Amino acid sequence: MSPVLARLLTRLYPRRWRERYGDEYEVLLETSPSDPLTLANVICSGIGERIFPTKGGAVEQASRTFRSLLGQPSAFVPLAMSVTALAMLLCDLAIYGVAHELAQTDEGTVAHLWQILMAGQLPIVAFFAIKWLPRAPKQAIAVVALQVAAVLASMAPVYFLGL
Amino acid sequence: MRSTQDVVYGGGAEPGHYSDPPLLVLASLAAGPKHGHAMIEDIAAMCGTRLGPGTLYGAIARLEQQGWIEPLPAEERRRPYRITTNGLRVLRAKLTTLQQFAQAGLGRLGDQEAQ
C-alpha cells in the first residue's frame, strides 16, 4: 500500500490513538496489500475505534466534563431545536391566543414546523447516545436527560392546552 | 470489523479457521518479541489465520491496556511488543481451557466414529 494511502487510512483513527500507535500502524499498512478486504478491515476498525475507543492503558482519554459534552453539536443541536419549537409555539399563542389555535381547522405552519423540529432531533439524540454513552456514561446520561427534558418542555403546552 | 483471512492450503486440507485475535497475538509473542508485520506472518504460519491490520492493532491496544503485553523501544518506525508475566499466565490458562475443550470434543468424535 502506498505511504499516502496508509497515512490517509491512519487518519480515520482518533487523534489520541494516532499519537500512540499512528507511526507504527502506518508502517504496517505500507507493508500490507491494498486489497478490498484489507481496506475494509482498516476503515471499519478506524470507525469502530472512534465509536468504542480503547480506554486507559497507553491511550488515555481526555477527561470529559458535562460542559465539554454539551459543546458537541449532537448535544446542543437537539436542545436548540426543542427551544426553538417551544419559542415558536409560545409566540404563536401570544399573538393569536389559544382560542384561535383551537378554532383552526388546519394545524398551520407553526404546528408543522414544530413537528419537524421534534421529529428531526430524534436521530441526532440517538447518534449522541451511541457515540458518547460508552465513552463518558455519567456525563452523557446527564446530557440525554437534559435533551429529554427540553423535549418534554416543548410538548407540555401542546399536551396541557390540547392544541 | 474483525477481519481474518484463511491462508489457502493445497489439496483442500485446510487446518480450520481459528479467530481470537488477542489469544493469537499472545501466542505469537510467547515465542519472543515481534512487531506488527512479524506477528501477522507468524500467526498465519502458526494457524492459517491472517489478521487484518485493523484487527491486529485492535487486539494490541486492548492487550496493552490490560497489561498482558508491553511495547519495547521502537526500531526505526516499527515497534516490537513482548508478552508480560501476566500475559503468559493468561495465555497458559486460556490454552489449558482450549486443550480440555479440544480433548473433550475429539473424544466425542472418537466415540461417534467407533459406533
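In the order they appear, the protein sequences are chains A and B. With the first letter of the first sequence counted as 1, position 45 gets the number 483 in the working numbering; the numbers rise by one all the way through. With the first letter of the second sequence counted as 1, position 90 gets the number 73 in the working numbering; the numbers rise by one all the way through. All C-beta atoms, glycine included, are put in the ideal place defined by N, C-alpha and C. In this text the structure is predicted, and so the values were computed from the model without any measurement.
Quick one: using the 10 Å Cβ neighbour count with 16 as the cut-off for buried, is residue i buried or exposed?
i	result
A:S506	exposed
A:A513	buried
A:V442	exposed
B:G(-7)	For B:G(-7), the pLDDT reaches just 44, beneath the cut-off of 50, and the residue's location in the model is therefore unreliable, leaving the point undetermined.
B:E44	For the sequence presented, residue 44 of chain B should be read as Ala rather than Glu. The residue is buried, with at least 16 neighbouring Cβ atoms inside 10 Å.
A:T547	exposed
A:I533	exposed
A:P511	exposed
B:R72	exposed
A:V586	exposed
B:A(-4)	Bear in mind that a pLDDT of 45 at B:A(-4), under 50, signals an unreliable position, so the number given afterwards is only what the model happens to contain. So B:A(-4) ends up on the exposed side.
B:L46	buried
Relative to the C-alpha of residue i, which candidate in the options has its C-alpha closest?
i	options	result
A:R573	A:I562, A:F490, A:A557	A:F490
A:H550	A:F566, A:D530, A:A580, A:G460	A:D530
A:R445	A:R454, A:R458, A:V465, A:W455	A:V465
A:V596	A:P516, A:P511, A:M526	A:M526
A:G558	A:G546, A:A518, A:P575, A:Q577	A:A518
A:C482	A:Q510, A:R449, A:E457	A:R449
A:W392	B:T32, B:G37, B:D25	Here chain A comprises residues numbered 439 to 601, so residue 392 of chain A is not present and cannot be evaluated.
B:S2	B:R65, B:R33, B:M22	B:R33
A:A588	A:T469, A:V563, A:P575, A:L467	A:V563
A:S472	A:Y451, A:L447, A:I485, A:G486	A:L447
A:T492	A:L560, A:Y451, A:I568	A:Y451
B:H18	B:P4, B:R65, B:K77, B:A10	B:R65
A:W552	A:Q577, A:S520, A:P575	A:S520
Just list the residues that DSSP pairs residue i with in beta bridges.
i	result
B:R61	B:E58
B:K17	B:Y64
B:E24	Its beta-bridge partners do not exist; DSSP assigns none.
B:E53	B:R65
Look at the alpha carbon of residue i and the alpha carbon of residue j, and state the distance between them as a whole number of angstroms.
i	j	result
A:A439	A:A591	According to the sequence provided, residue 439 of chain A is Met. The question's Ala does not apply to it. Computed Cα separation, rounded: 54 Å.
A:R488	B:G41	12 Å
B:P16	A:P474	30 Å
A:G460	B:W51	21 Å
A:T594	A:G600	In the sequence on display, residue 594 of chain A carries Ala and not Thr. Whole-angstrom Cα-Cα distance: 10 Å.
A:L571	B:A27	37 Å
A:M556	B:T79	56 Å
B:K54	A:V581	Going by the sequence as given, residue 54 of chain B is Pro instead of Lys. Their backbone Cα atoms lie some 38 Å apart in a straight line.
A:Y463	B:G93	45 Å
A:A610	B:Q82	Missing from the structure shown is residue 610 of chain A; chain A here goes from 439 to 601 and no further.
A:L392	A:F598	Past the boundaries of the shown model lies residue 392 of chain A; chain A is included only from 439 to 601, so the question cannot be answered.
A:V480	A:R453	16 Å
B:F84	B:R91	11 Å
B:A57	B:P63	7 Å
B:L6	A:I554	50 Å
A:I485	A:L524	36 Å
B:E96	B:M29	28 Å
B:L39	A:E468	15 Å
A:T416	B:L89	Lying before the first or after the last residue shown, residue 416 of chain A is absent from chain A, which here runs from 439 to 601.
Where the region 458 to 475 of chain A meets chain C: residues whose CB sits under 7 Å from a CB there: In the displayed structure, chain C is absent; the protein chains listed are A and B.
Within the region 443 to 505 of chain A, ranges of the alpha helix (DSSP H) (whole runs, at least 4 residues): 453 to 468, 474 to 489
Complete runs of the alpha helix (DSSP H) confined to the region 502 to 588 of chain A [at least 4 residues]: 504 to 508, 511 to 541, 547 to 570
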